[in-house]
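Chains as they are written, first to last, in the numbering used here: chain Z, 7 to 118; chain W, 493 to 605. What follows is a set of notes on a single structure, which appears directly below.
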C-alpha cells in the first residue's frame, strides 16, 4: 500500500534561508502526492500536488516540490523563508485510489 | 463564504455523553470526509462519503456514526464518549473520489473530561 514518510518532525530555519522539508514515498504504482500546510488552530490547506504531469510542481506562497522517482522523494522547498511560513507541513499520498494517507508532519519554525 | 464549515469549533463534555459535530460544504463537491488528528498531530481518515454513500470506514468504533443527509452535509455523531476520543476532528470535501485535492474545515476540538 502507498505510504509517505516525512524525515524530521521539526525543522528550524532563519528568516530568508532556504526551506527544505523531506518526504519519501512508497508506492508500486505512480503515486499522486500532495503537500498540505496547517497553520495554528486551522484546517489543512493545499500547497501543491503531483499528478504525473510535471516533475517540478509549483505551489502557493512560493513553495515548490520535485518528484524524483529514482529517490522515491517529493521534497518541499522554498528559496527564502518568511516568518509567516511557520506552520505544520504534511506530505500525503492517495492510497487505493480513494484514501488520502498523511505523513507524520513536520513543524517548521522560522527564526528572526 | 467559508467553503467547508464545521460546528462547533470547541466541544468540552464528560465521559459517557453523546455528541454531534456538523459539517457543511458549499463547493458543490460530491465527496466528504472525516479525519481525526491526535495530540501528536497525526491525521487519520475515519470515513468518506461519495454522493451520500459510505465509501470508507476505517475500523472506527461503531460508537462513531456518520450521517450524510445530502451531498453538502456530513455529520458525525459519537455515542458514549471516552477519554481517548479527545482530538481535533476535521471535515473535508473533494470534487470526487480519488486524486482530487481535499478542502478542509477548521476543525472541532473535542475534549473529554
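Note that beta-carbon positions come from the ideal geometry of N, C-alpha and C, so glycine has one too.
Can you have a look at residue i and say buried or exposed, based on whether 16 or more other CB atoms are within 10 angstroms of its CB?
{"i": "residue 524 (chain W)", "result": "buried"}
{"i": "residue 595 (chain W)", "result": "buried"}
{"i": "residue 508 (chain W)", "result": "exposed"}
{"i": "residue 77 (chain Z)", "result": "exposed"}
{"i": "residue 600 (chain W)", "result": "buried"}
{"i": "residue 572 (chain W)", "result": "exposed"}
{"i": "residue 609 (chain W)", "result": "Since the first and last residues shown for chain W are 493 and 605, residue 609 (chain W) lies out of range."}
{"i": "residue 49 (chain Z)", "result": "buried"}
{"i": "residue 540 (chain W)", "result": "buried"}
{"i": "residue 574 (chain W)", "result": "exposed"}
For residue i, which residues from the same chain have a beta carbon less than 7 Å from its beta carbon, with the 5 sequence-adjacent residues on both sides left out?
{"i": "residue 538 (chain W)", "result": "526, 527, 528, 550, 552 and 556"}
{"i": "residue 522 (chain W)", "result": "542, 543, 563, 587 and 588"}
{"i": "residue 559 (chain W)", "result": "567 and 569"}
So, residue i versus residue j, is the Cβ gap smaller than 7 Å?
{"i": "residue 511 (chain W)", "j": "residue 570 (chain W)", "result": "yes"}
{"i": "residue 578 (chain W)", "j": "residue 604 (chain W)", "result": "yes"}
{"i": "residue 51 (chain Z)", "j": "residue 93 (chain Z)", "result": "no"}
{"i": "residue 96 (chain Z)", "j": "residue 42 (chain Z)", "result": "yes"}
{"i": "residue 105 (chain Z)", "j": "residue 593 (chain W)", "result": "no"}
{"i": "residue 531 (chain W)", "j": "residue 597 (chain W)", "result": "no"}
{"i": "residue 494 (chain W)", "j": "residue 514 (chain W)", "result": "no"}
Who are the neighbours of residue i on chain Z, taking C-beta pairs under 8 Å?
{"i": "residue 593 (chain W)", "result": "40, 52 and 55"}
{"i": "residue 598 (chain W)", "result": "47, 48 and 49"}
Could you name the residues of chain W that residue i contacts, counting a contact when the two beta carbons are closer than 7 Å?
{"i": "residue 106 (chain Z)", "result": "537 and 594"}
{"i": "residue 119 (chain Z)", "result": "The structure shown does not extend to residue 119 (chain Z), since chain Z spans only 7 to 118, so no value can be given for it."}
Considering only residues of the same chain and omitting the five flanking positions on each side of residue i, which have a CB-CB separation below 8 Å?
{"i": "residue 115 (chain Z)", "result": "16, 17, 18, 19 and 92"}
By the criterion of Cβ-Cβ separation under 8 Å, what are the contact partners of residue i in chain W?
{"i": "residue 73 (chain Z)", "result": "In chain order: nothing, as chain W lies at least about 14 Å away."}
{"i": "residue 70 (chain Z)", "result": "Within 8 Å Cβ-Cβ: nothing; residue 70 (chain Z) doesn't reach chain W, min ~16 Å."}
List, in chain order, every chain W residue whose beta-carbon is nearer than 9 Å to that of residue i.
{"i": "residue 96 (chain Z)", "result": "533 and 535"}
Considering only residues of the same chain and omitting the five flanking positions on each side of residue i, which have a CB-CB separation below 6 Å?
{"i": "residue 545 (chain W)", "result": "none"}
{"i": "residue 62 (chain Z)", "result": "72"}
Could you tell me which chain Z residues have their CB closer than 9 Å to the CB of residue i, listed as they occur along the chain?
{"i": "residue 590 (chain W)", "result": "38, 100, 103 and 104"}
(message) I want to know whether the stretch 69 to 87 of chain Z touches the stretch 497 to 504 of chain W - three or more CB-CB distances under 8 Å.
(response) Contact between the stretch 69 to 87 of chain Z and the stretch 497 to 504 of chain W is absent, because fewer than three Cβ pairs lie under 8 Å.
(request) Could you tell me whether the stretch 66 to 78 of chain Z touches the stretch 9 to 19 of chain Z, using the rule of 3 or more Cβ pairs below 8 Å? (result) no
(message) Contact between the stretch 33 to 41 of chain Z and the stretch 94 to 107 of chain Z is defined here as three or more beta-carbon pairs at a separation below 8 Å; is this criterion met?
(response) Between the stretch 33 to 41 of chain Z and the stretch 94 to 107 of chain Z there are three or more inter-stretch CB-CB distances shorter than 8 Å, so the stretches are counted as touching.
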